[in-house]
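Visitor: In my numbering, each residue's number is its place in the sequence shown (first place is 1) plus 21. Note that CB positions come from ideal geometry on N, CA and C, so glycine has one too. Sending over a structure as structure tokens; questions will come in a sec.
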Amino acid sequence: MIQDGPAGTAADVFAAPHDQIGDLVQSGLIMENLLRDKSQNKFGIFWDIPNFYYAHMFMAMDGGYVFGKDGKDANDIGLDNEGAIKGINEMLLLKPISVENAGDVSYDAMTGLFAEGKVAAIINGPWGLEGAEKSGINFDVAPIPTFDGKHPASFSGIRTLLVNSYTKYPKAAQLFAEFATSDEMLIERFKMTNQLPPVKALIDAPEIVNHKYTKAFLKQAQYAVPMPAIPEMGLIWEPAGAAVTDIWNEKVTTEEGLKNMTKIIKEQMETRN
């Protein structure tokens, strides 16, 4: 038996430095007004392209999905349907202002270049706020911009604290779990990590309402999709990341890449079963 309690929740947002963008974030025109300067290693937009965690938001924007509409049906994979293909093709529209090779991107490279002022905008979660603030760059956050009025559907998730029933100190462990997931500590955790409490009653707490970045995360959360919590989710990441990388690098067409990816995922599921 394992006892768990909710510890934090979040959705990705669009972060951009005021110095390079100004009001374009608010106007929604940013995508059409940024240029890449390869000679100076500068880019319009960066995100961890090979990571399916980010690619999913484009696929889900047009009707793609992982495991059924509720994320629980492993027999219904919607990562190669018409919506998913359309979403990835729309993602590719950003390539002219980003990197040419997806292999040149990593999370560390993204945050590093952003801190140096060489990337005009990045897609990141609340965990990236501390590093951005420490870098001293003048930045702001906003919900991920729309594509023809459609909102990218980023993943959302709930972090939990788990207490194993085999612990030698069950009472102490339970008390710790209760303390760590109390309203008081969820607010403290927000102050330390920028993770929004997964409790609706706390969203209106002054510490959260008055935080300068909260509104952007809450607004993006309206369009977020809960990450599937079934075991089969573990089989998605590697083939999906490889497919997105090959598509971005123009080794395969979007349809070919997603169809082959889905085939691999299904084969892995059959082998495991």
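Check whether the segment 189 to 209 and the segment 237 to 244 touch, using three or more Cβ-Cβ pairs below 8 Å as the test.
Guide: As far as the Cβ criterion goes, the segment 189 to 209 does not touch the segment 237 to 244, which means the pair count is below three.
Visitor: Which residue comes first and which comes last in the alpha helix (DSSP H) that contains Ile312?
Guide: Nothing can be reported for residue 312: it is not among the residues displayed for the chain, which extend from 22 to 294.
Visitor: With burial defined as no fewer than 16 other Cβ atoms inside 10 Å of the residue's Cβ, what is the status of Ala261: buried or exposed?
Guide: Classification for Ala261: buried.
Visitor: Indicate the three-state DSSP secondary structure (helix, strand or coil) for Asn281 in the structure shown.
Guide: Helix, per DSSP.
Visitor: Taking Asp91 as the reference, which of Glu253, Pro249 and Leu114 has the closest Cα?
Guide: Nearest C-alpha to Asp91: Pro249.
Visitor: Looking only at its own chain, which residues have a Cβ that is under 6 Å from the Cβ of Asp101, when we skip the five neighbours before and after it?
Guide: Contacts found: Leu279, Lys280 and Thr283.
Visitor: What first and last residue would you give for the beta strand (DSSP E) that runs through Tyr86?
Guide: Unbroken beta strand (DSSP E) run through Tyr86: Tyr86 to Phe88.
Visitor: Just to confirm, are Thr292 and Ile70 a CB contact at a threshold of 9 Å?
Guide: No, the Cβ-Cβ distance between Thr292 and Ile70 is not below 9 Å.
Visitor: Only counting the same chain, and skipping five residues up and downstream in sequence, which positions put a Cβ closer than 8 Å to that of Met290?
Guide: Hits under 8 Å: Ala95, Glu253 and Leu256.
Visitor: In three-state terms, what does DSSP make of Asp97?
Guide: Residue state, collapsed to three classes: coil.
Visitor: Quick one: Cα of Gly85 to Cα of Ile98, how far?
Guide: For Gly85 and Ile98, the distance between alpha carbons rounds to 9 Å.
Visitor: Kindly indicate which three-state DSSP category Ile229 falls into: helix, strand or coil?
Guide: Looking at Ile229 - three-state DSSP - the assignment turns out to be helix.
Visitor: Do you know how far the Cα of Phe64 is from the Cα of Asp40?
Guide: Its pLDDT being 45, under 50, Asp40 is placed unreliably in this model, and the value from its coordinates should be taken loosely. About 14 Å.
Visitor: Could you give the C-beta distance for Asn215 and Pro164, rounded to a whole number, given that I count them as a contact under 8 Å?
Guide: With a Cβ gap of about 16 Å, Asn215 and Pro164 do not count as contacting.
Visitor: Does the beta-carbon of Thr275 have 16 or more other beta-carbons within 10 angstroms, so that it is buried, or is it exposed?
Guide: When all chains shown are included, Thr275 counts as buried.
Visitor: Thinking C-alpha only, which one of Lys139, Ser186, Thr188 and Lys221 is nearest Gln61?
Guide: When only C-alpha atoms are compared, the closest one is Lys139.
Visitor: Buried or exposed: Lys80, going by 16 or more other Cβ atoms within 10 Å of its Cβ?
Guide: Note that residue 80 is Met in the sequence shown here, rather than Lys. Buried, because 16 or more other Cβ atoms sit within 10 Å of the Cβ of Met80.
Visitor: By how many angstroms is the C-alpha of Val273 removed from the C-alpha of Gly178?
Guide: Taking the straight line from one Cα to the other gives about 31 Å.
Visitor: Flag this pair as yes or no: are the beta carbons of Phe67 and Leu134 separated by less than 9 Å?
Guide: Taking 9 Å as the Cβ cut-off, Phe67 and Leu134 qualify as a contacting pair.
Visitor: Please check the pair Met78 and Lys171, which I expect to be a contact at CB under 8 Å, by giving their CB distance rounded to whole angstroms.
Guide: In fact, because the Cβ distance is near 11 Å, the residues do not count as touching under 8 Å.
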